[in-house]
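Asker: To start, I am sharing the structure in question, which I have written as structure tokens.
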Amino acid sequence: MNIKELQQIVLDFRNIRDWKQFHNPKDIATAINIESWELQEHFLWKSQDESYELAKKQDVADELADIFNYILLFADSADIDLEKALLEKMTKNDKKYPVSKAKWKSDKYNQL
Numbered sequence: 024m025n026i027k028e029l030q031q032i033v034l035d036f037r038n039i040r041d042w043k044q045f046h047n048p049k050d051i052a053t054a055i056n057i058e059s060w061e062l063q064e065h066f067l068w069k070s071q072d073e074s075y076e077l078a079k080k081q082d083v084a085d086e087l088a089d090i091f092n093y094i095l096l097f098a099d100s101a102d103i104d105l106e107k108a109l110l111e112k113m114t115k116n117d118k119k120y121p122v123s124k125a126k127w128k129s130d131k132y133n134q135l
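When you line the sequence shown up against the numbering used here, it's residues 24 to 135, in that order.
The following block contains the structure:
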């Protein structure tokens, strides 16, 4: 299944419930932020080892799915082709972080 097919599933779910009226870029961006915080909450005050705890894996997967759901909705409301946007961004990242300079480093591109 590709991104457009997944997006259509999300849009169908929304449209059947007549929720499009509530979905504007501002509110969806806020929802992405809230869901991202809910994901972070699973890791707050945990050690790195604890953050890999499998017992929470389904909860973490649910939060990631919520975030992805809102990303797909945001892309629709802002008329952004996510596949194209991601490929273009990866091309930019490849130029900013050439393997010869960035491998084994966590520095920002302007500090390489």
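Using N, Cα and C, we set each Cβ at its ideal position, and we do this for glycine too. No experiment lies behind these values; they were computed from the predicted model shown.
Taking 8 Å as the threshold (C-beta atoms), are residue 48 and residue 125 in contact?
Answerer: The sequence position of residue 125 within the sequence shown is 102, counting from 1. The sequence position of residue 48 within the sequence shown is 25, counting from 1. Going by C-beta atoms, residue 125 is not nearer than 8 Å to residue 48.
Asker: To which residues of the same chain is residue 30 closer than 8 Å at the C-beta, ignoring the five residues directly before and after it?
Answerer: Looking up residue 30 in the sequence shown gives position 7. Correct list, in chain order: 95, 98, 99, 105.
Asker: Using DSSP with H/G/I as helix, E/B as strand and the rest coil, what is residue 107?
Answerer: As a working note, residue 107 is residue 84 in the sequence shown. Correct three-state label for residue 107: helix.
Asker: Given a cut-off of 8 Å on the beta-carbon distance, is the pair residue 66 and residue 59 in contact?
Answerer: Here residue 66 refers to the residue found at position 43 when the sequence shown is read from its first residue. Here residue 59 refers to the residue found at position 36 when the sequence shown is read from its first residue. Cβ distance not < 8 Å, so residue 66 and residue 59 don't count as in contact.
Asker: Within its chain, find whatever has a CB closer than 8 Å to the CB of residue 37; leave out the 5 residues flanking it on each side and keep chain order.
Answerer: Locating residue 37 in the sequence shown gives position 14, where the first residue counts as 1. For residue 37, where only same-chain residues beyond five positions count, the Cβ hits under 8 Å are 43, 46, 96.
Asker: Taking the alpha-carbon positions, what's the residue 32 to residue 79 distance?
Answerer: Mapped onto the sequence shown, residue 32 falls at position 9. Mapped onto the sequence shown, residue 79 falls at position 56. If you take the alpha carbons of residue 32 and residue 79, they lie about 26 Å apart.
Asker: Compare the Cα-Cα distances from residue 62 to each of 41, 129, 117, 91 and report the closest residue.
Answerer: On the sequence shown, position 39 is the one that residue 62 refers to. Of the candidates 41, 129, 117, 91, the one whose C-alpha sits nearest the C-alpha of residue 62 is 91.
Asker: Just confirm the distance between the C-beta atoms of residue 51 and residue 120, as a whole number of angstroms; I'd bet it's less than 8 Å.
Answerer: Position 28 of the sequence shown, counted from the start, is the residue given in the question as residue 51. Position 97 of the sequence shown, counted from the start, is the residue given in the question as residue 120. That pair is no contact at about 29 Å.
Asker: Just how far apart, CA to CA, sit residue 111 and residue 83?
Answerer: By one-based count along the sequence shown, residue 111 stands at place 88. By one-based count along the sequence shown, residue 83 stands at place 60. Spanning the two alpha carbons is a distance of roughly 28 Å.
Asker: Mind checking residue 86: buried by the 16 CB within 10 Å criterion, or exposed?
Answerer: Counted from its first residue, the sequence shown places residue 86 at position 63. Buried, by the Cβ-count rule.
Asker: Using the beta-carbon count (16 or more within 10 Å), is residue 108 buried or exposed?
Answerer: Start at 1 with the first residue of the sequence shown, and residue 108 comes out as number 85. Exposed, by the Cβ-count rule.
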